[in-house]
Amino acid sequence: MSRSDIDEEDRPSEGARFGEVPDQYDPEAVEKRVFEYWEEVDAYEKTKEAFADEEPFFFVDGPPYTSGAAHMGTTWNKSLKDAYIRHIRMRGHDVTDRPGYDMHGLPIETKVEERLGFENKKDIEEFGMENFISECKSFADEQLEGLQSDFKSFGVWMDWENPYKTVSPEYMEAAWWGFSQIAERGLVDQGKRSISQCPRCETAIANNEVEYEDREDPTVYVSFPLREREGSLVIYTTTPWTIPANEFVAVGEELTYQKIRATRDGEEDVLYIAAECVENVLSKGRYEDYEIEEEISGAEMLGWEYDLPLAEEVPANPDRDGTHTVYHADYVEAEDTGLVHSAPGHGEVDFERGQELGLPIFCPIGGDGVYTSEGGKYEGQFVKEADEEITADIEEKGLLVASGTITHSYGHCWRCDTPILQMATDQWFITITDVKEELLDNIEDSEWHPQWARDNRFRDFVENAPDWNVSRQRYWGIPIPIWVPEGWCGEMDDVIVIGSREELAKRVDEDVDPEEVDLHRPTVDDLTITEDGTTYERVPDVFDVWLDSSVASWGTLDYPGDEERFEELWPADLIMEAHDQTRGWFWSQLGMGTAALGEIPYDEVLMHGFANDSEGKKMSKSVGNVVQPHEAIQRHGSDAMRLFLLSVNPQGEDMRFSWDEMATMERNLNILWNVFRFPLPYMRMDGFDPEGTDLEAVDSDLELVDEWILARLQTVTREMTAAWDDFRQDQALSALMEFVVEDVSRFYIQVVRERMWDEEDSPSKNAAYATLYHVLKQVCALLAPYAPFITEEIYGALTGDRGHDTVHMLEWPEQEEYWTDEQLETDIELVRAVEEAGSNARQQAERKLRWPVSRVVVAAGEDRLAEAVGRQGALLEDRLNAREIHVVATDERFEELAYSARADMSVLGPQFGDRAGEVMSALNEARIEEPSLDALSAAVSTALGEDVELTEEMVEFVEETPEELSGSRITIEGNGLGVVYVDTELTEDIESEGYAREVIRRVQEMRKELDLPIDAPIRLDLDIADDQVAGLVSEHEDLIAEEVRAAELETVEDGHRKEWEVEGIEMEIAIESLE
RNA sequence: GGGCCGAUAGCUCAGUCAGGUUGAGCGCUCGGCUGAUAACCGGGAGGUCCGCGGUUCAAAUCCGUGUCGGCCCA
């Protein structure tokens, strides 16, 4: 379909150049038109083609997780990505823009379980793993569609036809490949590790998937009787269910413990407790009396042995290899009892210390949190439910010192809210700690914005990162590609790790087509490998979903399936995500890249913040402060929403959402809209041809203000480019917005209005056309990455079918030396400051701008100001409607000014007594040429007829401005540069022009009321009651006739007639169209 | 509990690196302008620079400490 087929009515800005555009900026209508237009001309595809031969730039999209819709944070993230992709493209790059989606994992499984009403793994097994997995896939696909359409709705241009999906065979293969590389380097291991287990999901979950919430738990103080000596160790725990797995008690070597003989209910107990904890423990245990028998250090207690209270109930608990002994541990503090019950099977620190001590790892529970046969008496009970029985058993033995409950923060599964259990299980690990130095080195190869994120946060995290548990005992994920031999003894050399579909097909016993095979469970579960007479079976686990996205830098290139692009592009030039990804995707990619390829897979990182509410608080459904992106789009349009999001500092700081700011952005766009449509009627009327009449052609006719706006454009272009290079697109945007609003709209357009209104075809008018046209086109290019819709529409209207198919094919403008003129920029800045002060002075004198003033005097406080006003006097005359501008240089005096003084009566009184009043009057009335004591004394002495001694304390000098002048200070950002004086004295000549202008303005308003075309000639009839004023006005009949396009000044019989009152004078005006 | 980041006008932010009278835009308000007109221009009001302590002639800025918010870790 060609452009000419487009319905003109729907697309006012398209088709003919300088066509009619709607009066009002209507974002929704603009978006609708632009979306249709993009579709019709294949704008995205054409843009990509246009830059296809440029230098490649490899951007990698961090894949959003496919559950739920796009929120403000995702929207901010994608807006940033879109803006940077567009900008980098304009700078001459072929940018990779393949979007990605993270589609596996437990969160989706639990959503599907909810949907199907499942409660645990057994329900899934019953439903059938294959069915369940296919439900997960459809769920993820559904969510993906929703996200895609959300992203498209605010104009993000990415390769939507071809996103990478972590569930595709190519992508899963990329994960297998990376993992096999890591295995080859010997960085994969299987073994017991203490992990957080969700007993409902029956899988290990990552630490960051643990959410802490308050819950009530039992507290027990238990005494462990010592062997071969009198007394017991008192321990404290909130998890009685872990006591069956107790293996040692930890003390602090440096801490002091006391041997206490305490009595309650007539019974005597001998207890060991940390000195600082004694009081508290004994009061909890309701002991009536006690005495301290001995004080010893923790070090002296090392090696003491004790009897496990539940030894009979749990016979499998190993009483050998150094268990049930006192050891030192760093994690002990003088809290609770100062003696820490340690169960390596149920705690991370316990586990580590147990490993160091060479203790066996005893964990008598299964993945569902139920005691196994090793749990002895408690077999078959869920641990949390066994708490009570265990406590009772201990009490029966007389070993319960105290019990109660506590409300404390406890970890829960982020998906199903089940309290998590710490347990030691067999898991697969990437032993990332083996390459920690390499990780830290590789960090240096990346550049971060902001840099502190890398050097503080990220480095700290990497330094403390534990081995990466990559196995999950679940269904919806990438199956771990490890096959182990029957009766495997745990030796890694004996396992087979498959790295690709082809390798899989080659090595498995079954017939598999590498092109067709689905790598998901359960397909791969049934595949076996037989080599050298040994049969291998796949381990049943799937990968932690964090592993999926960690391979995105090559997965997005379909590597290893497609090697060519990997060779050309990898590693990524740029990634950008929010700061939560420091320990997420920034980290997982570093780990994967380093372990698999020895390199960090990205060069530059832009780390942005979170989208908070207007008070800086997290948006959350329960608080009800969530702002939906589609609501923002509805209220202010996609462009305004994007402008707001992109106006926020993208480096590490959180965003505060603000409807106010977004509304301001829409208003700014409205100003741009007005700026753009202002010249169109004139250009159309005059048949302006921007190709023939370009800047070069009108160069010699350019006026100062044209040169100025072009110079400003160069500066803005330079500043914006620098800001983008610095990853501060927000600063670039504010520079551009200030240019549009402040310079183009509020100054340039105001100044050139008269030139455009000129009926004659003048060189000056053409120069203004060419200038404004150039400026508008450049503004479109500079704004395009931020506001893709409105810029498209404006660009289309300016270029018609002579330009590119889309504004997004433009190159990023460069600063042009030829038009750069810093002196001129400073001049005008100063002139505008004078103008502002001048307007203020006029207002004080109540003289409207329509009435000319005879002269304006600028008393310069700085040479630079005098220079500027000297050079730009003509412009200033025009702006202030002054007949003459006079500059008083810094070393000159403005003679019309005089000084007087104000007396300080508290000093004058005592000094002059009776005559103080007289002296004061003389002071006030004195008019002297310079503010000096000598001059003042002389004037006062003359007035009083005798010598008067004055001192500095008595007076304060004040400037006396003559009555006909009105003064105002000239300032830029609060700094004073001088004073402007406006002479508002009226003369007949000034009154004559003033009244004439009053008439013109009213006739113009009446023309508008008749909705006349701007160039329609009229007949004008004036009837002014006051003869003198009528005479004054008649002196300017020619001016009036020209301004209002009055071809005849005659009686109007039945035209548009109106009574006016001007400065108290009645006048009647009538007009009539001559067409 | 620990690490990192932030707090300046009613709102959004600059100024903090390198100490010297806190500044802009928006909003509010008063006035002006009028063929860009639901636009535009000028004036005005509006501040405990989060609190406390220290260094210094001088602190929004440097140091210490606390409070609140955000992210991460436990």
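Numbering (the UniProt record's numbering), first residue to last: 1 to 1075.
Glycine included, every Cβ here is placed at the ideal spot set by N, Cα and C.
Given the structure is predicted, the values throughout are model-derived calculations rather than measurements.
Cβ separation of residue i and residue j, assumed to be a contact under 8 Å, to the nearest whole Å
i       : j       : result
Val1052 : Ile1071 : 7 Å
Ala183  : Ile478  : Wrong, their Cβ atoms sit about 15 Å apart, outside the cutoff.
Arg847  : Arg883  : With 8 Å as the limit, Arg847 and Arg883 do not qualify as a contact, their Cβ atoms being about 13 Å apart.
His87   : Trp819  : His87 to Trp819, Cβ: 22 Å. No contact.
Gln258  : Leu597  : Actually they do not touch by this definition, with Cβ atoms about 58 Å apart.
Val647  : Met665  : Residue identity differs from the one stated: residue 647 is Ser in this sequence, not Val. With 8 Å as the limit, Ser647 and Met665 qualify as a contact, their Cβ atoms being about 7 Å apart.
Ile970  : Ala833  : 5 Å
Coarse secondary structure for residue i, derived from DSSP in three states
i            : result
Met720       : helix
Trp452       : helix
Thr1051      : coil
His408       : strand
Asp387       : helix
Tyr101       : strand
Asn442       : helix
Ser79        : helix
Ala1046      : strand
Asp1026      : coil
residue 1080 : The chain is shown only over 1 to 1075; residue 1080 falls outside these bounds and no answer can be derived.
Glu1072      : strand
Ser941       : helix
Thr418       : coil
Trp757       : helix
Glu949       : coil
Pro364       : coil
Buried versus exposed call for residue i [16 or more other C-beta atoms within 10 Å across all chains shown]
i            : result
residue 1076 : Since the first and last residues shown for the chain are 1 and 1075, residue 1076 lies out of range.
Phe18        : buried
Pro629       : buried
Glu161       : exposed
Asp7         : Residue placement at Asp7 is flagged as unreliable, the pLDDT there being 38, under the threshold of 50; a coordinate-derived value is accordingly withheld.
His1036      : buried
His774       : buried
Lys78        : buried
Val627       : buried
Cys413       : buried
His346       : buried
Ile529       : buried
Gly155       : buried
Tyr212       : exposed
Ile885       : buried
Val623       : exposed
Glu510       : exposed
Gln1028      : exposed
Ala194       : According to the sequence shown, residue 194 is Ser rather than Ala. Counting Cβ neighbours within 10 Å, Ser194 comes out buried, since at least 16 surround it.
Notebook entry, point to check: With contact counted as at least three CB pairs below 8 Å, one residue from each stretch, are the segment 974-989 and the segment 832-848 in contact?
Noted result: As far as the Cβ criterion goes, the segment 974-989 touches the segment 832-848, which means the pair count is three or higher.
Checklist line | Contiguous alpha helix (DSSP H) assignments of at least 4 residues, all confined to the segment 625-695 | finding: Fully enclosed alpha helix (DSSP H) runs of 4 or longer: 629-636, 638-646, 659-677 and 680-686.
Checklist line | contact_flag[the segment 568-577, the segment 495-511] where n(CB pairs < 8 Å) is 3 or more | finding: no
Checklist line | the segment 680-696 in contact with the segment 758-773 per 3-pair CB rule at 8 Å | finding: yes
Note to self: Ignoring anything shorter than 3 residues, give me the beta strand (DSSP E) runs that lie fully in the segment 225-302, in order along the chain.
What the structure shows: With a minimum length of 3 residues, the continuous beta strand (DSSP E) runs that stay inside the segment 225-302 are 232-237, 248-251, 256-264, 267-274 and 289-297.
Notebook entry, point to check: How do the segment 314-334 and the segment 244-254 stand: do at least 3 beta-carbon pairs fall below 8 Å, yes or no?
Noted result: With a cut-off of 8 Å on Cβ pairs, the segment 314-334 is in contact with the segment 244-254, counting three or more such pairs.
Next item on the list: Write down every uninterrupted run of the beta strand (DSSP E) in the segment 475-550 whose length is 3 residues or greater and which is fully enclosed by it, in chain order.
Entry: 482-485, 528-531 and 534-538
Checklist line | Inter-stretch contact (C-beta, 8 Å, three-pair minimum) for the segment 381-398 and the segment 216-226 | finding: yes
Next item on the list: Note down, one range per segment and in chain order, each beta strand (DSSP E) of at least 3 residues found wholly within the segment 543-612.
Entry: Listed in chain order, the complete beta strand (DSSP E) runs (minimum 3 residues) inside the segment 543-612 are 572-578 and 602-608.
Next item on the list: Evaluate contact between the segment 610-617 and the segment 635-642, counting only Cβ atoms and requiring at least three cross-stretch pairs below 8 Å.
Entry: no
Note to self: Ignoring anything shorter than 3 residues, give me the beta strand (DSSP E) runs that lie fully in the segment 143-198, in order along the chain.
What the structure shows: 188-198
Next item on the list: Say whether the segment 734-752 touches the segment 650-661, bearing in mind that this needs 3 or more beta-carbon pairs closer than 8 Å, one atom from each stretch.
Entry: Output reads no: the segment 650-661 does not touch the segment 734-752.
Check: Is the segment 192-212 in contact with the segment 460-473, if contact means three or more CB pairs nearer than 8 Å?
Finding: yes
Next item on the list: Decide if the segment 584-604 is in contact with the segment 431-446; the criterion is three or more beta carbon pairs, one per stretch, under 8 Å apart.
Entry: The answer is yes - the segment 431-446 touches the segment 584-604, with three or more Cβ pairs under 8 Å.
Item checked: Inter-stretch contact (C-beta, 8 Å, three-pair minimum) for the segment 333-348 and the segment 302-312 -> no
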